[in-house]
Amino acid sequence: MNASTDPSTDAARGRSEQGVLRASIAATAVVAALGIVFGLLSGSFAIVFDGVYSLVDGVMTLVALLVSNLIATSTATDGVRRRLVERFTMGFWHLEPMVLGANGLLLTGAAVYAFLNAVDAFLTGGRVLHFDQAIVYAAVTLLICLGMGVFGLRANRRLRSDFVALDAKAWFMSAAITAALLVAFVLGLAVQGTAWAWISPYIDPTVLALVCLAIIPMPLGTIRRALADILLVTPPDLKAQVDAVAREIVARYGFLDYRAYVARVGRGRQIELAFIVPPGGAPQPVEYWDRLRDEIGDLIGGDTPDRWLTIVFTADPEWAD
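Under our numbering, the first residue of the sequence shown carries the number 1, and numbering increases by one thereafter.
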C-alpha cells in the first residue's frame with residue numbers, strides 16, 4: 001500500500017467535506033420540518049412529499065458524513081487511525097459507493113411513490129389547498145435550496161468529493177421541485193374566483209406528477225457509478241494509464257511481461273501490478289526493488305492516502321495471474 005506524501009492535506013480535505021455535509025444536514029432538517037408542517041396545514045401532498053424527500057436526503061447525508069469521517073480518520077496519522085487499521089485493514093472506501101447507491105435508490109423510490117400518489121389523487125378529483133400558506137412555504141424553501149446548492153457546488157470545486165457533489169445535486173433537485181410548486185401555487189391562487197377555478201384541485205397532483213417525472217432519472221447516473229464501483233468494474237482511463245506505465249517499465253528493464261489489476265472504489269483507487277522477470281537473473285538487493293517500486297509509483301501518480309498500490313516481481317507467471 002502506498003504512503004501519503006502529505007497526510008495533513010487529506011485530513012484537512014476530510015474536515016472540510018464533513019463541514020459542508022454538516023451544514024447541509026442542518027439546512028435539510030429545517031426544510032423537512034417546514035415541508036411537513038406547511039404541507040399538513042395547506043393540505044398539499046406535494047409539499048409533504050417535498051418535506052419527506054428532504055428528510056430522506058438528510059438521513060442519507062448523515063450516513064455519508066459518518067462514512068466520510070471514517071475514511072478521513074483511517075487515513076490520518078494518530079492513534080485512532082492505528083486502532084481502526086487494526087480492525088479494518090482494507091480501509092473504508094467500499095462504504096462510499098454503497099452509501100451513494102443507497103441514496104440514489106431511496107430518492108428515486110420516493111419520487112416514484114409520490115408520482116403514483118399524484119396519479120391517484122388526479123383520478124379521484126384532486127385536492128383542495130390553502131394556496132397562501134403554500135406560497136409562503138415554497139418561496140422560503142426555494143431560497144434555502146438554491147443557497148445550499150450554490151454553497152455545495154462552490155465548495156466542491158476544491159474538495160472534489162462525490163458525497164458533496166451528490167448533495168449539491170440533491171439541493172438543486174429540491175430547488176427545481178420547489179420552483180415548480182411555487183409557480184403552480186401562484187397559478188392556483190390567481191384562478192380563485194374565476195371561470196378557471198375548477199382546475200384548482202388538480203394543480204397539486206399535476207405539478208407533483210410532473211416534478212416526479214423530471215427528477216426520477218436524475219440520480220440514475222450516481223446509481224450506475226456506485227454499482228460499477230461496488231462490482232469493481234475496471235475504469236478504462238485508469239487501466240490505460242497503468243498499462244502505459246507498465247509497458248514502459250517492461251521495455252526499460254527487460255522484463256518478460258506484466259499483469260495489471262485496477263479498480264475504483266468510491267474515492268479510492270486500487271492498483272495491483274505484477275511484473276514477470278526473466279528466470280535465472282542476477283540477484284538484486286531488496287533496496288533495488290524498493291527503488292523500482294518508487295519509480296513505478298511516481299510514474300502512475302496520485303500518491304495520496306486514497307491510492308492502494310501493490311507491486312510485485314516474480315519469475316513464475318502463475319503468481320501474477
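Note that beta-carbon positions come from the ideal geometry of N, C-alpha and C, so glycine has one too. Predicted model, so just to flag it, every value in this text is computed and none were measured.
In the DSSP annotation of this structure, the continuous segment of the beta strand (DSSP E) that includes PHE313 starts and ends at 307 to 314. GLN241 carries a helical assignment under DSSP once its states are collapsed to helix, strand and coil. Closest by C-alpha distance to TRP308, out of LYS169, GLY221, LEU273 and PHE185, is LEU273. Exclusion of the five residues before and after VAL265 leaves TRP93, HIS94 and ASP229 as the residues of its chain whose Cβ lies within less than 6 Å of its Cβ. Separation of the CB atoms of PRO278 and GLY254 is rounded to 7 Å, and the pair is thereby assigned contact status at 8 Å. PHE275: member of the beta strand (DSSP E) spanning 268 to 276, first to last residue. When DSSP reads this structure, ASP257 sits in a beta bridge with ILE276. With the rule of 3 Cβ pairs closer than 8 Å, the segment 242 to 250 does not count as touching the segment 219 to 229. For GLN133, the uninterrupted alpha helix (DSSP H) run begins and ends at 131 to 159, by DSSP. Taking the Cβ atoms as the reference, ALA27 lies roughly 6 Å from ILE144, within the contact range of under 8 Å. According to DSSP, residue pairing for ARG264 in a beta bridge involves ARG269.
The segment 187 to 197 and the segment 29 to 45 do not touch, with fewer than three beta-carbon pairs separated by less than 8 Å. Non-local beta-carbon contacts of ALA111 in its own chain, meaning distances under 6 Å to residues more than five positions away in sequence, involve CYS212, ILE215 and ILE216 in chain order. Here the C-alpha atom of ASN117 lies approximately 50 Å from the C-alpha atom of ALA260.
It is roughly 18 Å from the alpha-carbon of SER161 to the alpha-carbon of MET173. With contacts defined by Cβ atoms closer than 8 Å, PHE122 and THR206 form a contacting pair. Within the model, the alpha-carbon separation for TYR53 versus LEU231 is close to 28 Å.
Leaving aside the five residues that flank PHE313 on each side, the residues in its chain whose CB is nearer than 7 Å to its CB run, in chain order, PHE275, VAL277 and TRP289. In summary, VAL262 is buried, with 16 or more beta-carbon neighbours lying within 10 Å of its beta-carbon over all protein chains present. Exclusion of the five residues before and after THR234 leaves VAL262 and ALA263 as the residues of its chain whose Cβ lies within less than 7 Å of its Cβ. Annotated three-state conformation of THR178 is helix, per DSSP. Bounds of the alpha helix (DSSP H) holding SER200 are 200 to 215. Listed in chain order, the non-local C-beta contacts of LEU220 below 8 Å within the same chain comprise GLY104 and THR108, local neighbours out to five positions each way being set aside.
Separation of ARG154 and LEU62 (C-alpha to C-alpha, rounded to the nearest whole angstrom) is 20 Å. ALA168 and PRO283 have their C-alpha atoms roughly 55 Å apart. In this chain, the alpha helix (DSSP H) harbouring VAL119 covers 95 to 123.
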